[in-house]
Amino acid sequence: MAILVKNWLLKRWFLIALAVVLAVGFSCSRALAPLADSDWSPLLRRGIVAVVLFVMALPLGLSAVWRAVRFPGPSVLAAGINFGLLPLLAWGMYLVLMPPLGLHPQLAIGILIAAATPSTLASAAVWTRRAGGNDTVPVLVTLITNLSCFVVTPLWLVAMTGRAVESVRLSEMVVKLLCLIILPMSAAQFCRLGPGVRSWATDHKGGLGVVAQCGVLSMILLGSVRAGLSVRLETSTDAAGIADYVVMIALVLTIHLSMLAVGHLAGFWLRMSRPDRIAVGFAGSQKTLLVGLTVAVEDYGNFALAVLPMVAYHVGQLLVDTLIADRLQATAPPAED
18 MAILVKNWLL KRWFLIALAV VLAVGFSCSR ALAPLADSDW SPLLRRGIVA
68 VVLFVMALPL GLSAVWRAVR FPGPSVLAAG INFGLLPLLA WGMYLVLMPP
118 LGLHPQLAIG ILIAAATPST LASAAVWTRR AGGNDTVPVL VTLITNLSCF
168 VVTPLWLVAM TGRAVESVRL SEMVVKLLCL IILPMSAAQF CRLGPGVRSW
218 ATDHKGGLGV VAQCGVLSMI LLGSVRAGLS VRLETSTDAA GIADYVVMIA
268 LVLTIHLSML AVGHLAGFWL RMSRPDRIAV GFAGSQKTLL VGLTVAVEDY
318 GNFALAVLPM VAYHVGQLLV DTLIADRLQA TAPPAED
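The working numbering applies: residue 18 is where the sequence shown begins, and numbers increase by one.
This is the structure:
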């Protein structure tokens, strides 16, 4: 019994820690306010992002990328869905569905921010492998979307929210994301030039992944603290209600699941193999939390609740994709490669 409990905790530790971090962040937001709302908070957030990206890129071998580059169709399709069709769907919902539903404006802006962020740094590959898919595809999608997000993300956000958010400056966002994303990943690959570092990173890939996930949890803590402070400071006329949060969660799950389905269907229509279709589905629909929270907090600071859709999207994709991956693995044809 103890072994079963231990194995369950090892598999679910991140989700358990995620629930604890969210609860602590919201309930203790006043006590933890200096972490999210002080002069050194931006430096802390950017430092966490840089460290996580460096740690995630350190065990990333170029051989895996080369395998995906040789057959780029699935990766290009997934990147197009993630950075093209998904933001377009969210923008359409923002214009057509959210006003009639009466969604709180800050939550609506947050959904657009979540949609404009790049593909996740780790979980897409992990869930693809878990489902029996081709896990080299998410590696290339991660590189394509994260290395281009310093331009693509600001362009999408300025196009979608430019009229509503005049404080956003394209050039400033581009320079900031360039430093936050490109430099740490490039530094990690430079460090891999040393045989000792390369071997160590490969041998400790699991441990580095845990470190990166702890960094993600720390970003969620900062975001939940800031959101908790904003909820407490809201006036009764401007406050978001329970219905707003329910609608927001439903919308982000709809966006994620619809793009996951589109990835599978598009791969089927293009006669891709089942492992490639699985990879396209996960890589095309998942979003990274690090970039989204950074943009929401630093560039859309006046929209304090905008961090919540990003957190909801990330938590939602972890939960539903776990169930989907396990189902895909259980129904895999034994004879198919």
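All C-beta atoms, glycine included, are put in the ideal place defined by N, C-alpha and C.
Would you kindly work out how many angstroms separate the C-alpha atoms of residue 312 and residue 130, rounded to a whole number? 8 Å
Mind reading off the beta-carbon distance from residue 324 to residue 46? Whole number of angstroms is fine, and I expect it under 8 Å. The pair is not a contact, with the Cβ atoms about 12 Å apart (cut-off 8 Å).
Cβ of residue 31 within 8 Å of any chain C Cβ: Chain labels in this structure do not include chain C; a single protein chain is all it has.
According to DSSP, is residue 56 part of a helix, a strand, or is it coil? coil
Ordered along the chain, which non-local residues of its own chain (more than five positions away) have a Cβ less than 8 Å from that of residue 206? 74, 77 and 79
By the three-class DSSP mapping on this structure, what secondary structure does residue 305 have? coil
Would you grab the beta carbon distance between residue 232 and residue 41 for me? Rounded to a whole angstrom, and I think it's under 8 Å. Their Cβ separation, rounded to whole angstroms, is 17 Å, which puts residue 232 and residue 41 out of contact at 8 Å.
Rounded to whole angstroms, how far is the Cβ of residue 309 from the Cβ of residue 280, which I believe are closer than 8 Å? Not quite, the Cβ-Cβ distance comes to about 20 Å (not below 8 Å), so this is no contact.
Just to confirm before moving on: does the CB-CB distance between residue 94 and residue 297 stay below 8 Å? yes
Apart from the five residues on each side of it in sequence, which residues of its chain come closer than 7 Å, Cβ to Cβ, to residue 107? 128, 129, 132 and 272
Compare the C-alpha of residue 268 against each of 306, 100 and 330 and name the closest. 330
If the criterion is Cβ atoms closer than 8 Å, does the pair residue 135 and residue 100 meet it? yes
Have a look at residue 357 and residue 84 and give me their C-alpha separation to the nearest angstrom. Here the chain covers residues 18 to 354 and nothing more, so residue 357 does not appear.
Measuring CB atoms only, is the segment 23-34 touching the segment 158-178, in the sense that at least three cross pairs come out at less than 8 Å? no
Going residue by residue through the segment 196-267, where are the continuous alpha helix (DSSP H) segments of at least 4 residues, counting only ones entirely within it? 200-208, 212-220 and 222-250
Every unbroken alpha helix (DSSP H) within the segment 266-302, with a cutoff of 4 residues, ordered by chain: 291-302
Here's a check: name, in chain order, each residue in its chain whose Cβ is nearer than 6 Å to the Cβ of residue 158, leaving out the five neighbours to either side. 92, 95, 96, 136 and 300
In whole angstroms, what is the alpha-carbon distance linking residue 254 and residue 337? Annotation note: pLDDT 48 at residue 254 (below 50); position unreliable, coordinate value reported separately. Their Cα atoms are separated by approximately 34 Å.
Quick one: measure Cβ to Cβ for residue 60 and residue 201, integer angstroms, because I've assumed they're closer than 8 Å. No, residue 60 and residue 201 are not in contact; Cβ-Cβ is about 15 Å, not under 8 Å.
Counted within 10 angstroms of its Cβ, other Cβ atoms place residue 24 as buried (16 or more) or exposed: exposed
If you draw a straight line from the C-alpha of residue 354 to the C-alpha of residue 265, how long is it? Low confidence applies here, because residue 354 scores a pLDDT of 43, under 50, leaving its location unreliable; read the following figure in that light. Those two C-alpha atoms are separated by around 39 Å.
So, using beta-carbon positions, are residue 363 and residue 65 closer together than 8 Å? A query on residue 363 cannot be resolved here, the shown segment of the chain reaching from 18 to 354 and no further.
Is the Cβ-Cβ distance between residue 346 and residue 140 less than 8 Å? no
Best match in 228, 216, 196 and 144 for proximity to residue 340 [C-alpha to C-alpha]: 144
Cβ-Cβ distance between residue 151 and residue 293 below 8 Å: yes
Assign residue 287 to buried or exposed, taking buried as 16 or more other Cβ atoms, counted over all protein chains shown, within 10 Å of its Cβ. exposed
Just tell me which of 261, 22, 36 and 305 has its CA closest to the CA of residue 238. 36
Reduced DSSP category for residue 165 - H, G, I as helix; E, B as strand; rest coil: helix
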